[in-house]
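Down below is the structure, laid out as structure tokens.
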Amino acid sequence: MKKLIRLFKVKREEWLAAALTLVMLVTLHAFVIARNIDLFTKANAGHWNVFIKNFTISGFDPITYSVVTHWAANYNVYRHPLLSFMVWPLSQLNAWLTGLTGVNLVQFIVAIPLLLCAFYAFVFMFRIFRDIIKLRWADSAILSTMLFSFAYVMVAAVVPDHFCISMFLLVFTIYISGMKIQAGTTLKAWQTVVLFFITAGITLSNGIKTYLYALFTNGRKFFRLKYFLFAVLLPAALIWGFARWEYRTYVLPREKANHAALAKKNAEKRQKMLAQFRDTTKLKDSTEIEKAFNQEMKRRIKAKYVSDHKQPWNKHAGKPMGNSEFMKWTDGTTSRVSTAVENLFGESIQLHQDYLLQDTLRSRPVVVNYRWAINYIVEALLIMLFLAGIWYGRRSRFLWMALSGFAFDMAIHMGLGFGINEVYIMGAHWLFVIPIAIGFLVKKLETKRAAAWLRGLLMVLTAWLLGYNITLFISYLV
């Protein structure tokens, strides 16, 4: 326990940069909360519809607001198997405070863990630069701040979704693994199990990254029978089994009830429409009436099908690579080049002025262009610095470990096309590898004349990103 307390104790040299970032995030939280405070603080308001319809920041979902207001396993249990239970204490706290005050304080309650996760994500990023890459204080502070200047790190840190929590846990796992690599030791089975359950419990794909980090940390020992059985196979089976139990216990009964209610509603609606059709038609024969009514219903169904396919949630989705349960979520037609330029390394890092923070499922086109050339210049500079950092850090097992998670994300999003139409939403899952890689470039040039120029460039880029993204974000919120 003492080791854990020491691990999370903020060092003196970490406070200044971390506190400044915290002030920025608290300010942004205030703007986010103020935007819907009159509506969301009503204790008697219908929580689900109110939150879903009125919380509109990009494609982020306010499901956590709903779950904390009235607890239910509303997250996708296969993607977020433990998340509902992790926020249960917050739900109990909110229920108590609502009963005490008559006000739904869910926005404030959810903001607290988000701020803590963002703060410690910064702290452990700083430690990665100081303790593992061995950079100077100034360079560590600049690169840590750079991460939080990225658009969808900044936004993810203040919206009620799981991405900020995932980012903290991934950065924390990378730090722990990196310290093990540096010390020449390995992750113990129990450490791997704990990290896996926490990371995969939030988002299942995080658990895969935890195993990738463990593989790079432990090397061949990862495949030793005892470790592989008890630290890898058994936890994976347990969390999948738990997700299946959670689905059968909480989700399936609700789905059956909803389907039954919908079927009853549709049957009643059909009978009402049939009665109206009988009253207005000139036909007298009941068989002819039924036949004509069925033809009219088919026409309406077809018209709705055509109309639905013109809506953004269908129009902005590419064609899947297959029709199986898994492959139907893929996308084989959305342009990878345009997506990489405008979304992956574009919107994720610099917000677009047009369709600012709009949702592709509602109004935003999949690809939006920047108005200014400077945005593309900044993007190109960051990509070049990223690639240069990879080159100079190519002999570092730690860097390749960090990049393995990035490669996994690129495989599922840019390769298979999962969520490719809003790939920037997932930015907090991988954007931290950019400053980590750049850190190796900084280390390589640390004792050379170019070091001052590089530091100056990084400061200018970070200042630009902070000023540009904060200005646009606040302009959207107000």
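In the numbering used here, the protein residues as written are 554 to 1031. Every residue gets a Cβ at the ideal spot worked out from N, C-alpha and C, and that includes glycine. All values reported here derive from a predicted model rather than from experimental measurement.
- Annotation: the continuous alpha helix (DSSP H) that includes V746 extends over 742-755.
- Under the DSSP assignment, P873 falls outside any alpha helix (DSSP H); it carries neither an H nor an E label.
- DSSP places V656 in the strand class (E or B) of the three-state scheme.
- Close CB contacts of N647 within its chain, under the 8 Å cut and outside five residues either way in sequence, are with V621, T622, N657, L658, V659, I662 (chain order).
- Going by C-alpha positions, I761 is about 8 Å away from A753.
- Under the three-state reduction of DSSP, K1001 is assigned to coil, being neither helix nor strand.
- DSSP places P788 in the uninterrupted alpha helix (DSSP H) bounded by 787-799.
- The beta-bridge partner set that DSSP reports for K595 consists of V656.
- Following the DSSP letters along the chain, one finds Q903 in no alpha helix (DSSP H), marked with neither H nor E.
- Within the same chain, W624 come within 8 Å of W641 by CB-CB distance, once the 5 residues on both sides are set aside.
- In the DSSP assignment, F971 falls outside any alpha helix (DSSP H) and carries neither an H nor an E.
- Scanning its chain for C-beta atoms nearer than 6 Å, with the 5 sequence neighbours on each side dropped, one finds no residue around S839.
- Inside the segment 600-681, DSSP marks whole alpha helix (DSSP H) runs of 4 or more residues at positions 600-607, 616-622, 636-639, 641-654, 659-680, from first to last along the chain.
- For F638, the closest C-alpha among the options A784, V724, F750 is that of F750.
- In the three-state DSSP reduction, G737 falls in the coil class, being neither helix nor strand.
- Around the beta carbon of L786, fewer than 16 other beta carbons lie within 10 angstroms, which makes this residue exposed.
- Restricting attention to alpha helix (DSSP H) runs no shorter than 4 residues, the segment 800-847 encloses them at 805-833, ordered along the chain.
- Judged by pairs of C-beta atoms under 8 Å, the segment 681-694 touches the segment 988-999, as three or more such pairs exist.
- Straight through space, the alpha carbons of G772 and G612 are spaced by roughly 38 Å.
- In the DSSP assignment, V706 falls within the alpha helix (DSSP H) that extends over 704-707.
- In the three-state DSSP reduction, S888 falls in the coil class, being neither helix nor strand.
- For K556, the secondary structure class from DSSP, reduced to helix, strand or coil, is helix.
- The three-state reading of DSSP puts S916 in coil, since its state is none of H, G, I, E or B.
- Taken through DSSP and simplified to helix, strand or coil, H982 comes out as helix.
- With a contact defined as Cβ atoms closer than 8 Å, M678 and L700 qualify at about 6 Å.
- Assigned with DSSP and collapsed to three states, V712 falls in coil, not helix or strand.
- For G899, the number of other beta carbons within 10 angstroms of its own is at least 16, and it is reported as buried.
- Taking the Cα positions, L1025 is about 52 Å away from L827.
- In terms of Cα proximity to V746, the closest of T739, I755, A784 is A784.
- Close CB contacts of E999 within its chain, under the 6 Å cut and outside five residues either way in sequence, are absent.
- Excluding residues up to 5 positions away in sequence, G958, F959, D962 lie with their Cβ nearer than 7 Å to the Cβ of W983 in the same chain.
- The segment 889-898 makes contact with the segment 926-938, as at least three CB pairs between them are under 8 Å.
- DSSP places G946 outside both helix and strand once states are collapsed to three, so it counts as coil.
- Sequence-distant partners of Y618 (beyond 5 residues in either direction) whose C-beta falls short of 6 Å from its own C-beta, in its chain, are F604, V659, P713.
- With respect to F775, L768 sits close: the two C-beta atoms are nearer than 7 Å.
- Comparing C-alpha distances from S693 to each of L1018, R1008, T886 shows the shortest one belongs to R1008.
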